[in-house]
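**Student:**
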Amino acid sequence: MRHTPDYVFDDVEGIRALVRENPWGTIVSFVPGAGLVASHYPLLLEEDADGIVLVSHVGRPDERLHELGAHEVMVIVYGPQGYVSPSWYDTSPAVPTWNFAVAHLHGTPEILSDDENLRVLDRLVAHFESPLPEPYLMHQTLENTAYAERIVHGTVGFRLRVDRFEAKEKMSQDKPAEVVDRVIAALGEPGPYENPQLAARMARVHGRETRA
Numbered sequence: 002m003r004h005t006p007d008y009v010f011d012d013v014e015g016i017r018a019l020v021r022e023n024p025w026g027t028i029v030s031f032v033p034g035a036g037l038v039a040s041h042y043p044l045l046l047e048e049d050a051d052g053i054v055l056v057s058h059v060g061r062p063d064e065r066l067h068e069l070g071a072h073e074v075m076v077i078v079y080g081p082q083g084y085v086s087p088s089w090y091d092t093s094p095a096v097p098t099w100n101f102a103v104a105h106l107h108g109t110p111e112i113l114s115d116d117e118n119l120r121v122l123d124r125l126v127a128h129f130e131s132p133l134p135e136p137y138l139m140h141q142t143l144e145n146t147a148y149a150e151r152i153v154h155g156t157v158g159f160r161l162r163v164d165r166f167e168a169k170e171k172m173s174q175d176k177p178a179e180v181v182d183r184v185i186a187a188l189g190e191p192g193p194y195e196n197p198q199l200a201a202r203m204a205r206v207h208g209r210e211t212r213a
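Start counting the sequence shown at 2; every next residue gets the next number (my numbering).
This is how it looks when you write it as structure tokens:
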């Protein structure tokens, strides 16, 4: 993270929304003797908790690689991001840039019991299956339940209470309104840099009508 005041994103509720909308994170640890270790897993918010609290799991042996629970980790969560061409600005001079939303979340994981890990896995499956017309739930059948209870031992669940975070959201806030509108429009057009998710995020940040 670039340590400047530009584009600082320090709203806790905004960070919670970023995680909610982009529930995939990179877990980074510094392990003495091993160096940096990174893994990638889905994340859920504990919605009824104060602040930012994440729950997830890692597959064995990642918990040993990270020494999970023994020290602080950083979880990186990305929102929409993408290239912005200066040709869209219709102004000169101009240079290429990249718009993005990203958060670095720091804390020491709490290891979950097998029973609580199973409940978190159940929540993860339900969360991602619920939009489907016929959700495939973990406890849909007795056979599913028995299988889930067997495979839970191959994972280690954790809860991460975020002690501190650094986040930035760069959405062309330094550009005039007419340039912002041109960038949003260009991101919505077919082409190599079509990016409707980034266009929608920019529109929301700038108070424009949300574009899908």
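Glycine is no exception: its CB is placed at the ideal position from the N, C-alpha and C atoms. Remember, it's a predicted structure, so these values are computed and weren't measured experimentally.
Please name the residue in Thr98, Pro24 and Arg17 whose C-alpha comes closest to that of Glu48.
**Tutor:** Residue 48 sits at position 47 when you count from the first residue of the sequence shown. Answer by Cα proximity: Arg17.
**Student:** Tell me where the beta strand (DSSP E) around Ala35 begins and ends.
**Tutor:** Taking the sequence shown and counting its residues from 1, the one referred to as residue 35 is at position 34. Per DSSP, Ala35 belongs to no beta strand (DSSP E) and is neither H nor E.
**Student:** Give every residue of the same chain whose Cβ lies closer than 7 Å to the Cβ of Arg21, excluding the five residues on either side of it in the sequence, and list them in chain order.
**Tutor:** For the purposes of this step, residue 21 is taken as residue 20 along the sequence shown, with counting starting at 1. Counting only Cβ-Cβ distances below 7 Å, and skipping sequence neighbours, we find Leu46.
**Student:** Which residue wins for smallest C-alpha separation from Ala102, given the options Glu190, Gly15 and Gly192?
**Tutor:** Along the sequence shown, one-based indexing puts residue 102 at 101. Of the listed residues, the one whose Cα sits closest to Ala102 is Gly15.
**Student:** If we count Cβ pairs, one from each stretch, closer than 8 Å, do we get three or more for the segment 92-100 versus the segment 157-164?
**Tutor:** No, the segment 92-100 is not in contact with the segment 157-164.
**Student:** From the DSSP secondary-structure annotation, give me the bridge partner or partners of Pro43.
**Tutor:** Walking along the sequence shown from the start, residue 43 turns up at place 42. The partner list for Pro43 (beta bridge, DSSP) reads Trp25.
**Student:** Based on the DSSP secondary-structure assignment, which residues constitute the bridge partners of Met75?
**Tutor:** The count along the sequence shown starts at 1 and reaches residue 75 at position 74. Val29 and His107.
**Student:** Three or more C-beta pairs closer than 8 Å, one from the segment 147-159 and one from the segment 120-128: is that the case here?
**Tutor:** Result yes; three or more Cβ-Cβ pairs closer than 8 Å.
**Student:** How big is the Cα-Cα spacing for Leu69 and Pro110?
**Tutor:** By 1-based counting over the sequence shown, the position of residue 69 is 68. By 1-based counting over the sequence shown, the position of residue 110 is 109. About 7 Å.
**Student:** Could you spell out where the alpha helix (DSSP H) holding Val184 opens and where it closes?
**Tutor:** Against the sequence shown, residue 184 aligns to sequence position 183. Counting along the chain, the alpha helix (DSSP H) containing Val184 begins and ends at Ala178 to Leu188.
**Student:** Skipping 5 residues on each side, what residues in its chain have a beta carbon closer than 6 Å to that of Asn196?
**Tutor:** To locate residue 196, count along the sequence shown from 1; it is residue 195. Only Gly83 and Leu188 meet the Cβ criterion.
**Student:** Do Glu64 and His107 come within 7 Å of each other at the CB atom, strictly closer than that value?
**Tutor:** Along the sequence shown, one-based indexing puts residue 107 at 106. Along the sequence shown, one-based indexing puts residue 64 at 63. In this structure, Glu64 does not lie closer than 7 Å to His107 by Cβ.
**Student:** Output the distance between the C-alpha atoms of Ala204 and Ser57, rounded to the nearest integer angstrom.
**Tutor:** To locate residue 204, count along the sequence shown from 1; it is residue 203. To locate residue 57, count along the sequence shown from 1; it is residue 56. Taking the straight line joining both Cα atoms gives about 31 Å.
**Student:** Beta-carbon within less than 7 Å of Met2's beta-carbon, same chain only, minus the 5 sequence neighbours each way: which residues are those?
**Tutor:** Your numbering for residue 2 matches position 1 in the sequence shown. Correct list, in chain order: His105, Glu167 and Lys169.
**Student:** Keeping to the same chain, check which residues put their C-beta closer than 6 Å to that of Trp25; ignore five residues upstream and five downstream.
**Tutor:** In the sequence shown, counting from the first residue as 1, residue 25 sits at position 24. Counting only Cβ-Cβ distances below 6 Å, and skipping sequence neighbours, we find Pro43.
**Student:** How long is the line joining the alpha carbons of His207 and Arg183, rounded to whole angstroms?
**Tutor:** Counting from one through the sequence shown, the residue named residue 207 turns up at place 206. Counting from one through the sequence shown, the residue named residue 183 turns up at place 182. Distance between the alpha carbons of His207 and Arg183: 13 Å.
**Student:** How close, in whole Å, do the beta carbons of Tyr8 and Gln198 come, if the pair is a contact with beta carbons under 8 Å?
**Tutor:** Counting from one through the sequence shown, the residue named residue 8 turns up at place 7. Counting from one through the sequence shown, the residue named residue 198 turns up at place 197. 18 Å between Cβ atoms; not a contact.
**Student:** Taking buried to mean at least 16 other C-beta atoms within 10 Å of its own C-beta, is Gly192 buried or exposed?
**Tutor:** Locating residue 192 in the sequence shown gives position 191, counting from the first residue. It is exposed - the Cβ of Gly192 has fewer than 16 other Cβ atoms within 10 Å.
**Student:** Just how far apart, CA to CA, sit His4 and Val78?
**Tutor:** Within the sequence shown, residue 4 is the residue found at index 3, counting from 1. Within the sequence shown, residue 78 is the residue found at index 77, counting from 1. Approximately 18 Å, taken between the alpha carbons.
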